[in-house]
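Numbering (mature numbering (1 follows the signal peptide of the UniProt record, and there is no 0)), first residue to last: -21 to -1, 1 to 126.
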């Protein structure tokens, strides 16, 4: 009897508290911060800044991000010497066709960080620039939720 009661309570808790994030892998935060401050916020409240691990996820991410109400948002890719993801993942975005032709900083700065744009292109800026950002929370990806 106690075991079934615990199972019911656990199930109810999952429904009440877990289901609202089950569809999100990425969560957008509207407060503009520098890349480093955005990384700290994501690490303290989620897992890290958003990482795009495959070309399929990149396509889905860019399509989903076209609904982003902001011109650009930080993700977890930055370049001090070589491009690297905030969470240490090796791989992801490599194709130059995702860079916008209006890109001001691409390969022209010692410390640049990557943003996404509503035009399904990537933009890089000085890491101290202030932008909203997209955090990774470890759930199944199908949309970006902005708060």
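Yeah, the Cβ is synthetic: ideal placement off N, Cα and C, and Gly gets one too.
* Endpoints, the beta strand (DSSP E) within which residue 112 is located -> 110 to 115
* Buried/exposed call for residue 106, threshold 16 Cβ in 10 Å -> buried
* To do: Scan the stretch 20 to 63 and note each continuous beta strand (DSSP E) run of 3 residues or more that stays entirely inside, going in chain order.
  => 51 to 58
* Please say whether residue 117 and residue 52 have beta carbons closer to each other than 7 Å? => no
* Asked: In whole angstroms, what is the alpha-carbon distance linking residue 114 and residue 27?
  -> 6 Å
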